[in-house]
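Residue numbers (our numbering): 81 to 181.
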């Protein structure tokens, strides 16, 4: 179910995959950071449109971009993880990495 919700707003040039037990990673090619934040908003809307038999579902999304937040793939992943952690801690839903979008 979660994979379907992540892929629902997907585009043909997006790569999705499970990163951890309850975490998914999305690689959005040819997309700037502002576009990635908008994509994250579409995911939140897709989750909001679904009904879940067991109750509400919390979604936290961290967004990071190249070259704004990192110079390498490894740094990009760490920046996205930090942004995700801040989103989870704050309950913000979506948190961009770095100084903003």
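Idealized CB from N, CA, C, for every residue including glycine.
Keep in mind that this is a model prediction, so the values were computed, not measured.
Under the three-state DSSP convention, the category residue i falls into
i, result
"residue 130", "coil"
"residue 105", "strand"
"residue 181", "Caution is warranted here: a pLDDT of 40 is assigned to residue 181, below 50, making its placement in the model unreliable, and the coordinate value is therefore given only provisionally. Coil at residue 181, not helix or strand."
"residue 139", "coil"
"residue 173", "coil"
"residue 145", "coil"
"residue 96", "strand"
"residue 112", "coil"
Which listed residue (the options) has its alpha carbon closest to that of residue i
i, options, result
"residue 147", "168, 110 and 119", "110"
"residue 99", "130, 141 and 129", "141"
Neighbourhood of residue i by C-beta distance below 7 Å, restricted to the same chain and skipping five residues each side
i, result
"residue 180", "Residue confidence for residue 180 is low, a pLDDT of 46 falling below 50, so the modelled location carries little weight; the figure read from the coordinates is stated next. Taken in chain order, the list of residues that qualify is empty."
"residue 176", "113, 117, 143 and 163"
Contact set for residue i: own chain, Cβ-Cβ below 8 Å, skip 5 residues either direction
i, result
"residue 139", "123, 124, 127 and 173"
Distance between beta carbons of residue j and residue i, contact taken as under 8 Å
i, j, result
"residue 116", "residue 145", "6 Å"
Cutoff 6 Å; reference residue i; Cβ partners in own chain excluding five residues on either side
i, result
"residue 132", "none"
"residue 166", "175"
"residue 95", "107"
Query - Any 3 or more C-beta pairs closer than 8 Å across the region 123-135 and the region 158-166 - result: no
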